[in-house]
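Visitor:
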Amino acid sequence: MKITRTLQKQIDEKTEVISQYKQKLINLQASSDKDQKGLKDKYDFQIGELNRKQDIEYNEQQKKIKELQGKQEKLQAEQQWEQGGQLSKKVEVENEEARFKMLLRQLEEVTLQGREDLERQKLKITE
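Numbering (the working numbering), first residue to last: 7 to 133.
1) Quick one: measure Cβ to Cβ for VAL97 and TYR64, integer angstroms, because I've assumed they're closer than 8 Å.
2) Quick check: the Cα distance between TYR134 and LEU124, rounded to an integer number of angstroms?
3) Return the Cβ separation of GLN112 and ILE53 in integer angstroms, given the expectation that the two are a contact with Cβ distance under 8 Å.
4) Excluding sequence positions up to five away, which residues of its chain have a Cβ less than 7 Å from the Cβ of LEU109?
5) Any chance the segment 43 to 58 sits against the segment 66 to 83, with 3 or more Cβ pairs inside 8 Å?
6) Using only the alpha-carbon positions, how far apart do LEU13 and LYS30 sit?
7) THR21 to LYS15, Cα distance in whole Å?
This is the structure we're talking about:
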């Protein structure tokens with residue numbers, strides 16, 4: 007009978023230890039879920055901010071492009087007027103090609119910058 011009590015006491019102690027470890031495991035899982043949610047929320051916020059900044063930058067670039075186009079058109083009109091309106095079609099095509107290449111280059115730069123910003127942001131989040 008004494009042996010049975012001793013064994014039962016040991017079983018009860020081991021059961022209590024197991025129960026404590028189970029509770030610690032549950033607590034760690036809950037903490038991990040909370041941390042993961044916090045990191046995901048932070049990531050989503052940072053991606054949103056990055057997209058917002060990229061949109062602002064894109065809009066600013068578009069505004070600058072339009073301003074430059076207006077200035078270029080005004081300059082071309084003045085040049086045509088000074089030359090008596092005899093600016094050849096070849097020169098017009100060359101000007102349009104140059105403007106197109108400039109705009110394409112600016113678009114590529116904005117896109118590349120946006121991608122780099124996004125990659126940097128992703129790297130910061132994973133660190």
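The C-beta atom is built at its ideal place from N, Cα and C for all residues, glycine as well.
Treat the numbers as computed from the prediction; the structure is a model and nothing was measured.
Guide: Taking the definition as stated:
1) Their Cβ separation, rounded to whole angstroms, is 31 Å, which puts VAL97 and TYR64 out of contact at 8 Å.
2) The chain is shown only over 7 to 133; residue 134 falls outside these bounds and no answer can be derived.
3) GLN112 to ILE53, Cβ: 24 Å. No contact.
4) ILE71
5) no
6) 26 Å
7) 10 Å
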